[in-house]
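Asks: Quick note on numbering: UniProt numbering labels position 308 of the sequence shown as 311, and the sequence is numbered without any gaps.
Cβ coordinates follow ideal geometry from the N, Cα and C atoms, glycine included.
One structure coming up, written as structure tokens, with questions to follow.
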Amino acid sequence: SHSTEKPFAKDLSYLLSTEARSRNESPLKSAFKYYSQPDLVFLGGGLPLATYFPFNKVVAETALPPFQNGIGYVPTTKAETNVVKIEKRLDPNSDVKDIPLARSLQYGFTEGQPELVAFLKEHTQLVTNIPYQDWTLMANTGSTQAWDNVLRNFCNKGDSVLVEEFTFSSALEAANAQSLHTIPVKMDGFGIIPEELAKLLDSWNPDTPKPKLIYIIPTGQNPTGSSLSYERRKEIYKIIQKHDLILIEDEPYYFLQMDVYTRDLQKREQQRNMTVSHEEFINSLIPTFLSLDVDGRVIRFDSASKTLAPGSRLGWFIGQKRLLERFIRIQEVSAQAPCGFTSSIINGTLQRWGQKGFLDWLIGIRKVYSHNRNVTIDALNDYMPLEVVDFIPPIAGMFFTFNIDATKHPKFASEFNSEPLKVENAIYERALKQGCLMIPGSWFVSKGNTSPPQRYILDNDVQNPKIFFRGTYAAVPMDELVKGIKRFAEAIKLEFEL
Ligand code: PMP
Ligand code: PLP
Numbered sequence: 004s005h006s007t008e009k010p011f012a013k014d015l016s017y018l019l020s021t022e023a024r025s026r027n028e029s030p031l032k033s034a035f036k037y038y039s040q041p042d043l044v045f046l047g048g049g050l051p052l053a054t055y056f057p058f059n060k061v062v063a064e065t066a067l068p069p070f071q072n073g074i075g076y077v078p079t080t081k082a083e084t085n086v087v088k089i090e091k092r093l094d095p096n097s098d099v100k101d102i103p104l105a106r107s108l109q110y111g112f113t114e115g116q117p118e119l120v121a122f123l124k125e126h127t128q129l130v131t132n133i134p135y136q137d138w139t140l141m142a143n144t145g146s147t148q149a150w151d152n153v154l155r156n157f158c159n160k161g162d163s164v165l166v167e168e169f170t171f172s173s174a175l176e177a178a179n180a181q182s183l184h185t186i187p188v189k190m191d192g193f194g195i196i197p198e199e200l201a202k203l204l205d206s207w208n209p210d211t212p213k214p215k216l217i218y219i220i221p222t223g224q225n226p227t228g229s230s231l232s233y234e235r236r237k238e239i240y241k242i243i244q245k246h247d248l249i250l251i252e253d254e255p256y257y258f259l260q261m262d263v264y265t266r267d268l269q270k271r272e273q274q275r276n277m278t279v280s281h282e283e284f285i286n287s288l289i290p291t292f293l294s295l296d297v298d299g300r301v302i303r304f305d306s307a308s309k310t311l312a313p314g315s316r317l318g319w320f321i322g323q324k325r326l327l328e329r330f331i332r333i334q335e336v337s338a339q340a341p342c343g344f345t346s347s348i349i350n351g352t353l354q355r356w357g358q359k360g361f362l363d364w365l366i367g368i369r370k371v372y373s374h375n376r377n378v379t380i381d382a383l384n385d386y387m388p389l390e391v392v393d394f395i396p397p398i399a400g401m402f403f404t405f406n407i408d409a410t411k412h413p414k415f416a417s418e419f420n421s422e423p424l425k426v427e428n429a430i431y432e433r434a435l436k437q438g439c440l441m442i443p444g445s446w447f448v449s450k451g452n453t454s455p456p457q458r459y460i461l462d463n464d465v466q467n468p469k470i471f472f473r474g475t476y477a478a479v480p481m482d483e484l485v486k487g488i489k490r491f492a493e494a495i496k497l498e499f500e501l
């Protein structure tokens with residue numbers, strides 16, 4: 004490893020919020036360093052004795068890597084089954100790095116259980132090369148919590164955070180609830196536009212505090228389904244360096260990167276039958292913002308929600324140690340730690356699958372999503388009225404979107420008063436009557452501005468005649484999906500009298 008030759012991250016702690024600066028270590032935690040001292044009678048902790056936890060053992064079964072029957076396959080024999088059996092106490096003869104229930108179900112390990120954190124760190128090193136040495140990884144209860152904590156740690160009431168023009172609605176709500184302004188950065192079909200970000204920051208109204216934070220969903224973006232190219236990532240990183248911003252990359256869909264869409268069925272068959280090596284898989288991933296982060300100003304959110312299961316409530320922060328320490332302090336007094344059952348079961352599973360097995364699982368997901376995406380885009384091509392509808396096939400994630408040219412609606416200028424959102428609503432209602440629901444793009448719009456306002460946003464805020472809808476190809480069987488798209492296409496044709 005060359006890690007010792009790497010530089011240290013910059014000290015960016017001056018970007019922390021008042022709340023983050025005022026957090027102290029819980030005084031009880033400071034006593035816990037004596038907990039395992041052998042000659043000390045420790046009566047200091049309010050810990051219930053593990054002997055009286057009712058759970059003596061938990062068992063979790065999965066299929067075995069390399070999942071050659073596909074990730075939906077349920078094993079029918081013992082030989083095909085990966086059995087994870089976690090006991091209350093460690094079996095001294097086992098060489099698997101398990102987390103016994105007596106430990107995982109006890110208080111402690113705010114940053115995550117050491118075996119799990121070590122596995123995830125090793126996984127991180129396989130897929131990305133962080134250019135500074137003092138990075139770390141800390142477990143959390145998912146990206147939803149992670150974002151709430153980020154806002155608390157960097158923002159004061161009335162601050163601005165930069166977000167994509169269309170973004171994850173919960174992320175906007177979390178910011179609104181903390182009295183923050185969510186300032187939109189213009190996007191096209193390939194994510195946020197670096198030149199627009201530069202112009203917004205270069206022309207920032209000096210009468211308002213400059214934003215300290217930008218929130219980006221770089222890969223398989225929610226809602227648009229777009230992915231930022233490596234070129235754009237590099238340009239964006241340079242801009243945030245210049246303006247001294249923290250960049251949050253929220254990447255629940257990062258490993259859901261797919262083959263490029265093709266209508267060439269022969270080529271598609273080739274793609275489907277190709278065995279992808281671990282190395283090829285890793286090399287096919289768009290490099291992370293972390294890999295560009297020479298300063299230590301990126302905080303990455305990873306999540307088990309889309310690769311394993313959302314109810315596991317397990318995610319992890321990656322970033323520089325000095326900043327992540329503030330996240331330990333906030334977790335200490337809120338979630339405390341990820342759930343103990345989750346920690347034991349997911350760690351036990353990953354330890355047995357191994358790093359390669361986990362990559363096999365991710366490759367298996369990519370296969371399923373590539374197929375679903377292909378079925379979706381085929382159906383859009385086959386059924387949508389392409390004289391008013393256009394779309395870009397996604398290369399990552401679980402969302403697809405299609406744009407509709409509202410100006411071509413026969414009643415656009417008359418009944419709808421030339422307002423695209425009225426067309427959007429009419430299509431939404433009509434599609435519901437036809438029996439299909441997709442989410443109108445306007446539900447994801449970020450409309451924030453500062454007071455006094457940023458002129459650049461006002462000048463840019465022209466009524467965009469493009470409206471869009473978001474669907475997913477993750478949630479239903481493929482025949483249902485095609486049925487839904489057909490119905491939605493019918494609704495558009497009826498609305499537009501085509
Ligand atoms: N409130 C009080 C008064 C407590 O004594 C404790 C546990 N020591 C807690 C909250 C923490 O509870 P939990 O483990 O459910 O977060
Ligand atoms: N961030 C984005 C961009 C998402 O789309 C989602 C899922 O809906 C989340 C975060 C939530 O992730 P988690 O389940 O890890 O809290």
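Taking the alpha-carbon positions, what's the residue 186 to residue 419 distance?
Replies: Computed Cα separation, rounded: 28 Å.
Asks: Please state the DSSP three-state secondary structure of residue 141.
Replies: Three-state DSSP puts residue 141 in a strand.
Asks: Would you mind working out which of 286, 119 and 175 sits nearest residue 344, comparing C-alpha positions?
Replies: With distances taken between Cα atoms, residue 344 lies closest to 119.
Asks: What runs of the beta strand (DSSP E), each 3 residues or longer, lie entirely inside the region 257 to 281?
Replies: Correct list: empty.
Asks: Should residue 150 be listed as close to ligand 2, given that the test is whether its C-beta is under 8 Å from any heavy atom?
Replies: Yes; taking the cut-off as 8 Å, the Cβ of residue 150 has a heavy atom of ligand 2 nearer than that.
Asks: Am I right that residue 238 and residue 197 are in contact with their C-beta atoms under 8 Å? What's the rounded C-beta distance?
Replies: With 8 Å as the limit, residue 238 and residue 197 qualify as a contact, their Cβ atoms being about 4 Å apart.
Asks: May I ask you to check if the CB of residue 340 is nearer than 8 Å to at least one heavy atom of ligand 2?
Replies: Result no, Cβ not under 8 Å from ligand 2.
Asks: Would you call the CB atoms of residue 107 and residue 445 closer than 9 Å?
Replies: Not closer than 9 Å, so no.
Asks: Fully enclosed by the region 87 to 175, which alpha helix (DSSP H) runs are 4 residues long or longer?
Replies: The region 87 to 175 contains these whole alpha helix (DSSP H) runs: 104 to 107, 117 to 130 and 146 to 157.
Asks: May I ask you to report which of helix, strand or coil DSSP gives residue 207?
Replies: Reduced to three states, the DSSP call for residue 207 is coil.
Asks: Can you tell me whether residue 55 is helix, strand or coil according to DSSP?
Replies: Residue state, collapsed to three classes: helix.
Asks: Among 23, 402 and 102, which one has its Cα closest to the Cα of residue 152?
Replies: The shortest Cα separation from residue 152 among 23, 402 and 102 belongs to 23.
Asks: Report yes if the CB atom of residue 305 is closer than 9 Å to the CB atom of residue 216, and no otherwise.
Replies: No, these two residues do not count as a Cβ contact at 9 Å.
Asks: Where are the alpha helix (DSSP H) runs, 4 residues long or more, that stay fully inside the region 345 to 372, in chain order?
Replies: Counting only runs of 4 or more, we get nothing.
Asks: What is the rounded straight-line gap between the Cα of residue 437 and the Cα of residue 498?
Replies: Rounded to the nearest angstrom, the two C-alpha atoms are 12 Å apart.
Asks: What span of residues does the alpha helix (DSSP H) with residue 22 cover, start to end?
Replies: Residues 21 to 24.
Asks: Can you find at least 3 beta carbon pairs, one from the region 346 to 358 and one from the region 95 to 103, that sit closer than 8 Å?
Replies: They touch, by the three-pair rule.
Asks: Give me whichever residues DSSP pairs with residue 218 in a beta bridge.
Replies: In DSSP, residue 218 forms a bridge with 166 and 251.
Asks: Can you tell me the Cα-Cα spacing of residue 139 and residue 229, whole angstroms?
Replies: Straight-line Cα distance between these residues: approximately 28 Å.
Asks: Can you give the Cα-Cα distance for residue 10 and residue 431, rounded to whole angstroms?
Replies: Distance between the alpha carbons of residue 10 and residue 431 is about 53 Å.
Asks: Have a look at residue 35 and residue 157 and give me their C-alpha separation to the nearest angstrom.
Replies: Rounded to the nearest angstrom, the two C-alpha atoms are 29 Å apart.
Asks: Leaving out the 5 sequence neighbours to the left and right, which residues in its chain are closer than 7 Å to residue 386 when beta-carbon positions are compared?
Replies: Contacts found: 488, 489 and 492.
Asks: Are the Cβ atoms of residue 264 and residue 223 separated by less than 9 Å?
Replies: No; because the gap between Cβ atoms is not below 9 Å, this pair is not in contact.
Asks: Mind listing, in chain order, the residues whose beta carbon lies closer than 6 Å to a non-hydrogen atom of ligand 4?
Replies: Of the ligands one can find in the structure shown, namely ligand 1 and ligand 2, none is ligand 4.
Asks: Could you tell me the distance, in whole angstroms, from the CA atom of residue 87 to the CA atom of residue 77?
Replies: Going by the C-alpha atoms only, they are around 15 Å apart.
Asks: If you follow the beta strand (DSSP E) that residue 470 is part of, which residue opens it and which one closes it?
Replies: Segment 469 to 475, the beta strand (DSSP E) holding residue 470.
Asks: How should residue 41 be labelled, buried or exposed, when 16 other C-beta atoms within 10 angstroms of its C-beta is the threshold for buried?
Replies: Burial call: exposed.
Asks: As an exercise, report each continuous beta strand (DSSP E) stretch of at least 3 residues that is fully enclosed by the region 372 to 440, in chain order.
Replies: Correct list: 402 to 408.
Asks: For residue 334, which three-state DSSP category applies?
Replies: Residue 334 falls in the helix class under three-state DSSP.
Asks: How would you call residue 125, buried or exposed, if buried means at least 16 neighbouring beta carbons within 10 angstroms?
Replies: It is exposed - the Cβ of residue 125 has fewer than 16 other Cβ atoms within 10 Å.
Asks: Below 8 Å, how does it come out for the region 143 to 150 and the region 315 to 323: are there three or more Cβ pairs, yes or no?
Replies: Touching, yes.
Asks: Spell out the partners DSSP gives residue 65 in its beta bridges.
Replies: The partner list for residue 65 (beta bridge, DSSP) reads 85.
Asks: Classify residue 206: buried if its beta carbon has 16 or more other beta carbons within 10 angstroms, exposed otherwise.
Replies: Burial call: exposed.
Asks: Take the Cβ of residue 70 as the centre, count every other Cβ of all protein chains shown within 10 Å, and call the residue buried at 16 or more, exposed below.
Replies: Answer is buried; the Cβ neighbour count reaches 16.
Asks: Nearest to residue 519 by CA position, among 501, 91, 65 and 89, is which residue?
Replies: Residue 519 cannot be examined here, being either before or after the span of the chain that is shown, 4 to 501.
Asks: Helix or strand or just coil, what does DSSP make of residue 47?
Replies: If DSSP states are grouped into helix, strand and coil, residue 47 belongs with coil.
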